[in-house]
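Residue numbers (the working numbering): 290 to 659.
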Ligand SMILES: Nc1ncnc2c1ncn2[C@@H]1O[C@H](COP(=O)(O)OP(=O)(O)OP(=O)(O)O)[C@@H](O)[C@H]1O
Ligand SMILES: [Mg+2]
């Protein structure tokens with residue numbers, strides 16, 4: 290425990306050292322208010338013992354200024370002073386002090402009070418942290434509900450509507466229309482299935498229960514295979530997919546999971562690329578890692594949006610060039626999948642000049658404990 294003693298009388302400081310050091314406290318000293326105000330943000334003590342009558346600004350004013358500064362506001366201040374009038378004690382509390390001890394003090398009492406305040410301070414910090422994570426949870430829940438009402442309800446509505454047409458007694462739909470309706474139902478339910486699988490994926494990863502099915506191999510053929518899968522989609526949008534796979538390094542990876550990451554990076558690049566542009570897909574060995582990059586010539590990502598990019602349900606301002614949709618789950622999942630492989634997923638982007646997403650997987654990971 291770090292305690293800052295602010296007092297201008299050497300004998301008082303000595304007594305506090307004798308009282309508190311045997312209790313395991315580390316003490317720092319300031320002999321006036323101005324020095325204390327400079328020192329506190331720097332050393333961030335767990336608690337401040339503050340005298341009131343000192344040369345320069347007094348203890349009340351020192352406390353008031355500490356409470357004004359966001360860097361020092363939450364550090365508990367205990368007044369330790371010879372001023373023992375009721376109005377002084379009341380003023381001490383109103384300036385933000387958590388306790389007020391008058392001199393001459395009893396050693397054991399000072400120690401007991403300090404311990405109690407340190408304990409309360411720790412509990413308060415824990416509460417604030419829990420509160421913050423609850424707020425984040427509520428935010429995710431709201432986004433999930435928003436997504437469910439939009440991305441799950443829309444396909445369900447069309448499944449319901451088109452199947453009702455097909456089931457209607459005495460309908461006069463010809464064979465071609467029946468096939469069209471069935472295709473719509475099939476696509477809509479496929480989209481829903483992808484979404485539900487993504488949600489399950491994310492929740493399994495977040496609960497720490499996703500285990501990787503690791504096999505040794507090189508990424509080259511997986512990249513070729515996945516790119517081949519999207520050639521048709523890209524050609525439809527007049528986009529060229531260019532592959533340069535230079536690495537032959539063998540490494541351990543889960544083919545299905547890394548395939549999923551590639552799928553999302555490729556579909557994103559195709560989704561946001563304009564007609565006539567090129568998407569470069571490359572893999573190289575670098576610094577003990579295999580680095581795979583997908584670089585497009587689309588709108589890129591605005592600097593102010595970068596921090597949202599890998600968060601679930603976040604869709605940014607970039608517009609899909611072919612009216613494609615998405616839920617904003619792909620990159621959140623991809624990042625976690627790569628991290629499970631002890632790798633990193635990064636983005637480089639200069640807005641207006643394309644985005645480059647790269648992941649690096651270690652060739653010899655230290656341990657694999659997925
Ligand atoms: N290559 C890219 N160029 C520009 N913006 C991109 C690119 N890749 C992703 N983004 C932005 O990041 C957002 C999040 O991407 P992510 O893959 O997580 O979600 P999505 O593609 O919208 O939906 P999903 O992948 O769940 O189907 C996208 O909506 C888009 O705004
Ligand atoms: Mg995506």
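All C-beta atoms in this analysis are idealised placements derived from N, C-alpha and C, irrespective of residue type, glycine included. Quick caveat, the model's predicted, so the values are computed rather than measured.
Taking every residue with its beta carbon within less than 6 Å of a heavy atom belonging to ligand 2 gives, in chain order, 553, 556, 557, 615, 619. The criterion of a C-beta distance shorter than 8 Å is satisfied by residue 320 and residue 296.
Here the segment 618–633 lies against the segment 543–556, with 3 or more beta-carbon pairs under 8 Å apart. If you look at residue 504, you'll find it in the beta strand (DSSP E) that goes 504–506. Within the segment 498–581, the alpha helix (DSSP H) runs of at least 4 residues that lie entirely inside it are, in chain order, 509–525, 544–561.
In the DSSP secondary-structure assignment, residue 310 is not bridged to any residue.
When DSSP states are grouped into helix, strand and coil, residue 319 belongs to the strand group. Under the three-state reduction of DSSP, residue 341 is assigned to coil, being neither helix nor strand. Of the candidates 544, 587, 597, 534, the residue whose Cα lies closest to the Cα of residue 579 is 534.
Leaving aside the five residues that flank residue 611 on each side, the residues in its chain whose CB is nearer than 6 Å to its CB run, in chain order, 526.
About 4 Å separates the Cβ atoms of residue 293 and residue 334, confirming a contact at the 8 Å cut-off.
If you look at residue 602, you'll find it isn't in any alpha helix (DSSP H); DSSP assigns it neither H nor E. Burial is judged here by how many other beta carbons sit within 10 angstroms of a residue's own beta carbon; residue 351 has at least 16 and is buried.
Distance from residue 417 to residue 392 at the Cβ level is roughly 33 Å; contact not present, criterion being Cβ atoms closer than 8 Å. The residue from 524, 539, 458, 575 with its alpha-carbon nearest to that of residue 556 is 524.
The C-beta distance from residue 345 to residue 368 rounds to 17 Å, too long to fall under 8 Å, and the pair is not in contact.
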